[in-house]
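In my numbering, the protein residues as written are 794 to 887.
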């Protein structure tokens with residue numbers, strides 16, 4: 794399970810970076826629960842300056858980050874489209 798401070802969780806939910814998976818686990822959008830845990834740990838170690846950037850971890854982090862951001866952008870675009878659809882449908886009716 795992701796261990797996030799309340800303010801972190803609120804911010805990440807607001808920017809659509811988090812979602813619930815099919816097992817009701819809080820995950821980073823576009824990632825599995827295991828990948829989310831690994832990603833969160835890697836970020837924490839990176840901020841502390843203790844992460845080893847010479848192993849395959851950095852490549853995995855970059856791959857997961859790209860996957861996450863693509864899924865997040867898709868989610869945001871979908872939400873934006875859903876919000877604008879009623880206005881377009883209403884205008885077409887007039």
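Cβ coordinates follow ideal geometry from the N, Cα and C atoms, glycine included.
The alpha helix (DSSP H) that contains residue 797, what's its start and end?
Numbered from its first residue, the chain shown carries residue 797 at position 4. First-last for residue 797: undefined, no H or E at that position.
Cut-off 7 Å between Cβ atoms - residues of its own chain near residue 818, not counting five sequence neighbours on either side:
As a working note, residue 818 is residue 25 in the chain shown. Shown here for residue 818: same chain residues with a beta carbon closer than 7 Å to its own, the five before and five after excluded, namely 794, 826 in chain order.
Span of the alpha helix (DSSP H) holding residue 826?
Locating residue 826 in the chain shown gives position 33, counting from the first residue. Counting along the chain, residue 826 sits inside the alpha helix (DSSP H) bounded by residues 826–841.
Could you please give the first and the last residue of the uninterrupted beta strand (DSSP E) stretch that includes residue 820?
Within the chain shown, residue 820 is the residue found at index 27, counting from 1. In the DSSP annotation of this structure, the continuous segment of the beta strand (DSSP E) that includes residue 820 starts and ends at 819–821.
I'd like to know whether the C-beta of residue 837 is nearer than 9 Å to at least one C-beta of chain B.
This model lacks chain B altogether, as it is built from one protein chain only.
Identify the residues that DSSP records as bridge partners of residue 812: which are they?
Residue 812 sits at position 19 when you count from the first residue of the chain shown. Checking the DSSP bridge columns, you'll see residue 812 partnered with 820.
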